[in-house]
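Numbering (our numbering), first residue to last: 48 to 156.
In structure tokens form, the structure reads like this:
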């Protein structure tokens, strides 16, 4: 079963939990989630949303479009979007869509 859950963590952050196959079958729920995150960010004055993908079994075109739409909405509204706990299928789909991930080494003291 696929799910999209938007959780307001009490003024700290907004987390979108994705699970299952994120595809066209839940496209409407994905668009609703973008609107809900934007509303919560505006009301709460927060500046960060996290998309948790630790239960994603497949990330289709609709899922990638959701991530793009949320990221773009964040740019327009002034909040950042981070991806967290990505499964292999989610990570591969996101990289195939053009996102790159790297973490620079900390400077030597």
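In this text, a Cβ means the ideal position worked out from N, Cα and C, and glycines have one as well. Small disclaimer: the values here were computed from a predicted structure and weren't measured.
| Check | Outcome |
| --- | --- |
| Suppose you measure from the CA of residue 93 to the CA of residue 126; what does that come to, to the nearest Å? | 7 Å |
| On the DSSP bridge list, what partners appear for residue 52? | 64 |
| On the criterion of 16 or more Cβ atoms from any shown chain inside 10 Å, does residue 145 qualify as buried, or is it exposed? | exposed |
| Assign residue 113 to one of three DSSP states: helix, strand, or coil. | helix |
| Would residue 169 pass as a contact of residue 124 if the rule is Cβ separation under 9 Å? | Residue 169 is absent from the model: the chain starts at 48 and stops at 156. |
| Is the CB-CB distance between residue 78 and residue 128 below 9 Å? | no |
| Between the alpha carbons of residue 66 and residue 113, how many angstroms are there, rounded? | 14 Å |
| How would you write the range of the beta strand (DSSP E) that residue 102 sits in, first residue to last? | 95–106 |
| Measuring only the C-alpha atoms, how far is residue 71 from residue 131? | 22 Å |
| Select from 55, 110, 141, 87 the residue whose C-alpha is nearest the C-alpha of residue 68. | 110 |
| Give the straight-line distance between the Cα atoms of residue 137 and residue 147, rounded to the nearest whole angstrom. | 13 Å |
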